[in-house]
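K.L.:
Every number in this note's numbering is 11 more than the matching position in the sequence shown, counting from 1.
Quick one: the structure is below, questions incoming.
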Amino acid sequence: DLRTTKPDGTPWDFTVRADRRLARQLIDADDPDWLIGSPPCTPFSIWNYAMNYPKMSKEKVRAAVEAGRTHLNFVVSLYRKQMIRGKYFVHEHPATALSWKEETVLGLLKSPLVHAVVADQCMYGLTAPAEGDPTSRLPAMKPTRFMTNSVHMANRLSNRCDKSHVHQQLVGGRARDAAFYPLPLVEAILG
């Protein structure tokens, strides 16, 4: 919902009930075979919990986490509907995100039809500017957990680092580069 617009040209915001309702209506009408969910991970980031949230007011932190939880619960409800329809979903969040401990996600993971795997995005071509030389790029590991009800998709999205390269850590503003999937990861999903 961050880079696409609704039919009226305005941005989506799944923290808004009307936008969630409209998205459900579109999904019901289009009946897609696949839903791909990657809700914002920042509310569940361990970095935010360790470094940023302690500097923020409790109310601001509560609001951020509640907005993240609303979005997360919404996409999980869509995944459940996909499964009822006999269709598929894939969900992505960083492997260390605290969202993996949320009740709605844990409940979905209890289904024998749902698989969770971890992949290192360096194996799918993710790179970041090298420290001290922004014109050079190095592989960025970014361990990422995927949840899906397709065993075939789980197999395609489970490549772990082969340790054949040095990694650039996603710090110092480099994490924003990792907000977009590298093309080989997109190709693996589209497989």
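Using N, Cα and C, we set each Cβ at its ideal position, and we do this for glycine too.
These figures come from a predicted structure and were not determined experimentally.
Have a look at the DSSP bridge pairing and note the partners of residue 103.
P.N.:
157.
K.L.:
Examine the Cβ distances between the stretch 178-188 and the stretch 119-129 and report whether three or more of them are shorter than 8 Å.
P.N.:
Contact fails: fewer than three Cβ-Cβ distances are below 8 Å.
K.L.:
Check whether the stretch 98-106 and the stretch 41-50 are in contact - that is, three or more C-beta pairs closer than 8 Å.
P.N.:
Yes, since at least three Cβ pairs between the stretch 98-106 and the stretch 41-50 fall closer than 8 Å, the two stretches touch.
K.L.:
Count the other CB atoms, across all protein chains shown, that sit within 10 Å of the CB of residue 130; report buried if there are 16 or more and exposed otherwise.
P.N.:
Residue 130 is buried by the Cβ-count criterion.
K.L.:
Grab the span of the alpha helix (DSSP H) containing residue 39 for me, first residue to last.
P.N.:
Looking at the DSSP string, the run of the alpha helix (DSSP H) that includes residue 39 is 28-41.
K.L.:
Going by other Cβ atoms of all chains shown within 10 Å of its Cβ, with 16 needed for buried, is residue 153 buried or exposed?
P.N.:
Buried, by the Cβ-count rule.
K.L.:
I believe residue 38 touches residue 89 by the beta-carbon criterion, under 8 Å. Please report the beta-carbon distance rounded to the nearest angstrom.
P.N.:
The pair is a contact, with the Cβ atoms about 7 Å apart (cut-off 8 Å).
K.L.:
Mind checking residue 191: buried by the 16 CB within 10 Å criterion, or exposed?
P.N.:
Flag for residue 191 reads exposed.
K.L.:
Let me check understanding here. Comparing Cα to Cα, which of 150, 166, 22 and 147 lies closest to residue 156?
P.N.:
The residue with the shortest Cα to Cα distance from residue 156 is 166.
K.L.:
Considering only their Cβ atoms, is the gap separating residue 109 from residue 25 smaller than 7 Å?
P.N.:
No, these two residues do not count as a Cβ contact at 7 Å.
K.L.:
Out of 82, 135 and 34, which one is the CA nearest neighbour of residue 149?
P.N.:
Looking at the Cα atoms, 135 is the closest of the given residues.
K.L.:
So the alpha helix (DSSP H) residue 195 belongs to, where does it begin and stop?
P.N.:
Residues 194-201.
K.L.:
Write down the C-beta distance between residue 159 and residue 151 rounded to the nearest angstrom, noting that I regard them as a contact closer than 8 Å.
P.N.:
23 Å between Cβ atoms; not a contact.
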